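Student:
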Amino acid sequence: MPPELLRMIIAAVLVVAFVFLNAMVLGYMERKVSAHIQRRPGLMEVGPHGILQLLVDGFKLIGKQLVVPEGANRFLFRLAPILSFAPCVLPFVVMPFARKLQIVSMDISLIFILAMTSINVIAILVAGWASNNKYSLFGTFRSVAQAVSYEIPMLLSLLSVILMTSTFSLQGIIAAQKYYWFILVQPLAFIIYFISGLAETNRAPFDMPEAESELTAGFHTEYSGMGFSFFFLAEYANMFTVCSIATVLFLGGWKGIPLPLGDYTGIFWFMLKVYGLLFVMIWVRWTYPRVRFDQLMTFCWKYLIPFALANLLITAVLVKLI
Amino acid sequence: MNNRGYFGELWFGSKSLLIGLNVTIREMFKPIVTVQYPREECAITPNYRGHIELVFNPESDGCDCIVCGMCAKACPSGCIAVAGEKKEGEKRKVLTQFTLDFTKCSLCGSCVETCPKGAIAYSQDYNIAGFTREEFHYDLVERLARRHQKPLAAAAGGN
Ligand code: SF4
Ligand code: SF4
């Protein structure tokens with residue numbers, strides 16, 4: 077077997093394993109943080125402080141029956157979870173965990189990641205459409221409208237950074253933050269990106285597509301067992317991707333206080349920053365109530381997009397002058 | 413809302429969002445208030461109204477009930493049954509039976525209020541669960557005896 081192929085296979089296995097592990101860690105983190113914000117202990121029963129709970133939940137979900145609702149489009153219904161899960165794994169292939177910990181280094185890594193994360197909305201569309209359920213369909217409508225709107229400020233804010241670095245390569249962007257992190261010069265872009273990221277991953281307060289109180293569970297109402305788990309895994313993988321892009325573009329990626337074997341141990345700083353941002357995401361979720369749909373749209377079109385555009389314009393002028 | 417204008421709205425909104433985040437992060441580091449019930453138990457307030465129980469009087473080494481039957485009469489649910497007997501050479505009746513059908517009791521407290529001797533009171537027992545209805549037909553004389561590890565007759569009688 078050629079060594080390159082072997083490397084790819086090992087990398088693929090590691091990436092999928094990481095996605096599952098990430099979902100478990102985040103699931104645990106989410107439940108613990110939410111519990112403590114509400115002054116509850118949270119998971120306590122399975123294992124010390126409940127750390128094995130997510131493992132048990134995973135086995136439970138695997139054991140569940142997959143039900144295809146009557147009148148649903150069987151093929152699309154089964155396809156949607158996979159369509160949601162598969163593209164979420166791919167960003168990890170180009171993720172710069174450390175200087176030398178990157179499976180493939182592409183010049184267009186950033187575009188690749190953004191393209192892959194956008195596929196998720198198609199999966200949601202397919203899931204909602206194929207379910208033959210009005211709640212699923214409503215969730216889908218909202219999700220598509222939301223994703224289409226929030227993609228714009230997100231890309232505009234990232235573009236401000238791209239203008240400064242003139243590269244789409246993630247390692248190149250990290251290398252460009254030699255003396256300072258870009259959050260210092262682009263704080264507005266960071267905030268806009270983070271807010272759009274919340275909306276992209278359908279996290280509260282922008283969790284309109286799955287608003288439990290009005291739509292049961294939105295687009296994944298009809299999914300059970302592994303079908304549901306795939307959406308769940310995809311959501312957490314997407315959260316990780318959004319936060320790691322923020323880390324790479326604004327927080328200096330794997331840069332930090334140098335550790336021994338810096339080319340590999342940079343992963344420590346990378347993970348620390350990403351999970352820090354993920355904590356903020358969870359914290360935000362358990363603080364704010366869900367916004368109404370018109371508020372969501374108003375906020376995007378009246379505030380985020382104009383500000384992102386202005387920011388981009390100012391950046392462009394400054395880059396030209398300096 | 414609309415009189416703040418575009419930037420006023422932005423400023424006001426951002427400020428209130430930050431205040432919200434500040435509230436939740438501070439709550440997060442406060443101590444947990446959950447009581448892990450079967451493993452931990454809450455302290456019961458003295459005002460707690462459980463089912464009724466005969467009161468133990470350490471002076472007479474028994475209970476003060478004079479078997480007047482007032483409590484049974486006062487009970488709107490008819491769930492108390494009292495009986496006693498008068499022994500030779502004794503001035504008052506001695507309680508032999510005091511049963512409470514707790515399945516019917518509405519915890520109204522009439523019995524406790526009417527008792528002229530203050531011989532019954534609310535218990536603090538809230539860990540009550542059972543598989544049959546009969547488990548809630550309490551024999552209060554027996555319960556009193558069990559609480560004070562006395563032979564039945566002595567606990568009920570007492571002078
Ligand atoms: S509390 Fe009320 S219902 Fe219960 S035994 Fe006493 S009088 Fe009857
Ligand atoms: S408990 Fe009180 S009211 Fe009831 S029979 Fe005894 S003395 Fe009378």
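Protein chains in written order, with the numbering used here: chain G, 77 to 398; chain A, 413 to 571. Glycine is no exception: its CB is placed at the ideal position from the N, C-alpha and C atoms. No experiment lies behind these values; they were computed from the predicted model shown.
(1) Name the chain A residues whose beta carbon is nearer than 9 Å to that of residue 125 of chain G?
(2) Mind listing the chain G neighbours of residue 445 of chain A? Cutoff is C-beta to C-beta under 7 Å, in chain order.
(3) Between the C-alpha atoms of residue 333 of chain G and residue 262 of chain G, what's the straight-line distance to the nearest angstrom?
(4) Given the structure, does residue 511 of chain A come close to ligand 2, in the sense that its CB is under 7 Å from one of the ligand's heavy atoms?
(5) Could you name the residues of the same chain whose beta carbon sits closer than 6 Å to that of residue 266 of chain G, not counting the 5 residues immediately before and after it, in chain order?
(6) Out of A:461, A:437 and A:462, state which residue places its alpha-carbon closest to the alpha-carbon of residue 115 of chain G.
(7) From residue 423 of chain A to residue 304 of chain G, what does the alpha carbon distance come to, in whole angstroms?
(8) Whether or not the stretch 99-108 of chain G and the stretch 135-146 of chain G are in contact is what I'm after, with contact meaning three or more pairs of Cβ atoms, one per stretch, closer than 8 Å; do they touch?
(9) Let me see if you follow: with CB-CB separation under 8 Å, is residue 297 of chain G close to chain A or not?
(10) Examine ligand 1 and report whether any of its heavy atoms sits within less than 7 Å of the Cβ of residue 528 of chain A.
(11) Can you give the Cα-Cα distance for residue 126 of chain G and residue 96 of chain G, rounded to whole angstroms?
(12) For a cutoff of 8 Å on Cβ pairs, would you count residue 430 of chain A as touching chain G?
(13) Quick check on DSSP: helix, strand or coil for residue 224 of chain G?
(14) Based on Cα-Cα distance, which residue from G:318, G:382 and G:271 lies nearest to residue 426 of chain A?
(15) Checking contacts by CB at 8 Å: is residue 427 of chain A closer than that to chain G?
(16) Quick check on the burial criterion: 16 or more other C-beta atoms within 10 angstroms. Buried or exposed for residue 519 of chain A?
(17) Interface residues of chain G around residue 464 of chain A at Cβ under 7 Å?
(18) Go ahead and pull the three-state DSSP assignment for residue 533 of chain A.
(19) Residue 549 of chain A bridges to which residues according to DSSP?
(20) For residue 480 of chain A, verify whether its CB is less than 7 Å away from any heavy atom of ligand 1.
(21) Within the stretch 452-517 of chain A, note down every full alpha helix (DSSP H) run reaching 4 residues or more, in order along the chain.
(22) For residue 182 of chain G, which residues of its own chain have a beta-carbon under 8 Å away from its beta-carbon, when the five flanking residues on both sides are left out?
(23) When burial is assigned at 16 or more other CB atoms within 10 Å of the CB, is residue 419 of chain A buried or exposed?
Tutor: Let me lay it out:
(1) What you label residue 125 of chain G is simply residue 49 of the first sequence in a count that begins at 1. By Cβ distance, chain A contributes nothing, its closest Cβ being about 12 Å from residue 125 of chain G, past 9 Å.
(2) Locating residue 445 of chain A in the second sequence gives position 33, where the first residue counts as 1. Going along chain G in sequence order, the residues near residue 445 of chain A (Cβ under 7 Å) are 115.
(3) Within the first sequence, numbered from 1, the residue matching residue 333 of chain G stands at position 257. Within the first sequence, numbered from 1, the residue matching residue 262 of chain G stands at position 186. Distance between the alpha carbons of residue 333 of chain G and residue 262 of chain G: 22 Å.
(4) Walking along the second sequence from the start, residue 511 of chain A turns up at place 99. No, since every heavy atom of ligand 2 falls outside the 7 Å radius drawn around the Cβ of residue 511 of chain A.
(5) By one-based count along the first sequence, residue 266 of chain G stands at place 190. Cβ neighbours of residue 266 of chain G beyond the five flanking positions: 259 and 326.
(6) Stepping through the first sequence from its first residue, residue 115 of chain G is reached at position 39. Ranking A:461, A:437 and A:462 by Cα distance to residue 115 of chain G puts A:437 first.
(7) Here residue 423 of chain A refers to the residue found at position 11 of the second sequence. Here residue 304 of chain G refers to the residue found at position 228 of the first sequence. So the two alpha carbons sit approximately 40 Å from each other.
(8) no
(9) Taking the first sequence and counting its residues from 1, one reaches residue 297 of chain G at position 221. Judged by the 8 Å Cβ criterion, residue 297 of chain G is not in contact with chain A.
(10) Position 116 of the second sequence, counting from 1, holds the residue named residue 528 of chain A. No, the beta carbon of residue 528 of chain A sits no closer than 7 Å to any heavy atom of ligand 1.
(11) Against the first sequence, residue 126 of chain G aligns to sequence position 50. Against the first sequence, residue 96 of chain G aligns to sequence position 20. Cα to Cα, residue 126 of chain G sits roughly 18 Å from residue 96 of chain G.
(12) The residue you call residue 430 of chain A lines up with position 18 of the second sequence. Answer no: the Cβ-Cβ gap between residue 430 of chain A and chain G never drops below 8 Å.
(13) For the purposes of this step, residue 224 of chain G is identified with residue 148 of the first sequence, where counting begins at 1. In this structure, residue 224 of chain G counts as helix in the three-state DSSP scheme.
(14) Locating residue 426 of chain A in the second sequence gives position 14, where the first residue counts as 1. For residue 426 of chain A, the nearest C-alpha among the options comes from G:271.
(15) Residue 427 of chain A sits at position 15 when you count from the first residue of the second sequence. No - not a single Cβ of chain G is within 8 Å of the one on residue 427 of chain A.
(16) As a working mapping, residue 519 of chain A is identified with position 107 in the second sequence. Answer is exposed; the Cβ neighbour count stays below 16.
(17) The sequence position of residue 464 of chain A within the second sequence is 52, counting from 1. Result: empty, since nearest Cβ-Cβ is about 36 Å, beyond 7 Å.
(18) Position 121 of the second sequence, counted from the start, is the residue given in the question as residue 533 of chain A. Residue 533 of chain A falls in the strand class under three-state DSSP.
(19) Here residue 549 of chain A is taken as the residue at index 137 of the second sequence, counted from 1. Paired residue(s): A:513.
(20) Within the second sequence, numbered from 1, the residue matching residue 480 of chain A stands at position 68. Checking every heavy atom of ligand 1 against the Cβ of residue 480 of chain A, none is found closer than 7 Å.
(21) 482-486
(22) As a working note, residue 182 of chain G is residue 106 in the first sequence. Here the set comprises 170, 188 and 245.
(23) What you label residue 419 of chain A is simply residue 7 of the second sequence in a count that begins at 1. Classification for residue 419 of chain A: exposed.
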